[in-house]
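Add 613 to the 1-based position in the sequence shown for our numbering, that's all there is to it. Beta carbons: idealized from backbone N, C-alpha and C, even for Gly.
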Amino acid sequence: MDSEEKIFLFAFLIHWREEQNDLKLLYNTAALFCILISIMLWIPNLFFDQGNPTVMFTFLIGGVGFFISLKTKKNYLLIGNLLACFSFYLFMFVGYIVEAIR
Numbered sequence: 614m615d616s617e618e619k620i621f622l623f624a625f626l627i628h629w630r631e632e633q634n635d636l637k638l639l640y641n642t643a644a645l646f647c648i649l650i651s652i653m654l655w656i657p658n659l660f661f662d663q664g665n666p667t668v669m670f671t672f673l674i675g676g677v678g679f680f681i682s683l684k685t686k687k688n689y690l691l692i693g694n695l696l697a698c699f700s701f702y703l704f705m706f707v708g709y710i711v712e713a714i715r
């Protein structure tokens with residue numbers, strides 16, 4: 614290999630690494646965004662006492678965020694999206710327990 618080929622290969626590897634970092638940042642941001650949207654979907658039901666059916670989108674958004682989190686390999690995003698996906702069942706369970714205690 615001559616020096617021009619080495620320079621080209623080195624530049625290509627640096628550019629490829631930057632693209633991989635950009636892709637990881639995109640996945641991290643998308644997974645975090647899915648968690649935040651899932652939380653925002655619960656706000657009308659929890660704080661304003663409206664029976665808003667949009668909370669059912671947490672299954673879809675949490676599931677999409679879960680699979681995106683698998684690509685990032687970040688455990689906190691994975692657990693957050695998994696909790697967001699099953700948050701409806703968790704809140705129902707807590708709600709029934711609170712009503713049973715009253």
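For residue 705, the enclosing alpha helix (DSSP H) covers residues 700-714. Just so you know, the alpha carbons of residue 651 and residue 713 end up roughly 27 angstroms apart. A residue is called buried once 16 or more other Cβ atoms fall within 10 Å of its Cβ, and residue 654 is buried on that count.
Residues of the same chain with a CB within less than 6 angstroms of the CB of residue 711, apart from the 5 flanking positions on each side, do not exist. By the neighbour-count definition (other C-beta atoms within 10 Å, threshold 16), residue 708 is an exposed residue. No beta strand (DSSP E) of 3 residues or more sits fully in the segment 625-696.
Taking C-alpha positions only, residue 642 is separated from residue 659 by approximately 26 angstroms. The criterion of a C-beta distance shorter than 8 angstroms is satisfied by residue 671 and residue 697.
Selection 634, 638, 701 evaluated against residue 674 yields 701 as nearest (Cα-Cα). Separation of residue 668 and residue 699 (C-alpha to C-alpha, rounded to the nearest whole angstrom) is 11 angstroms.
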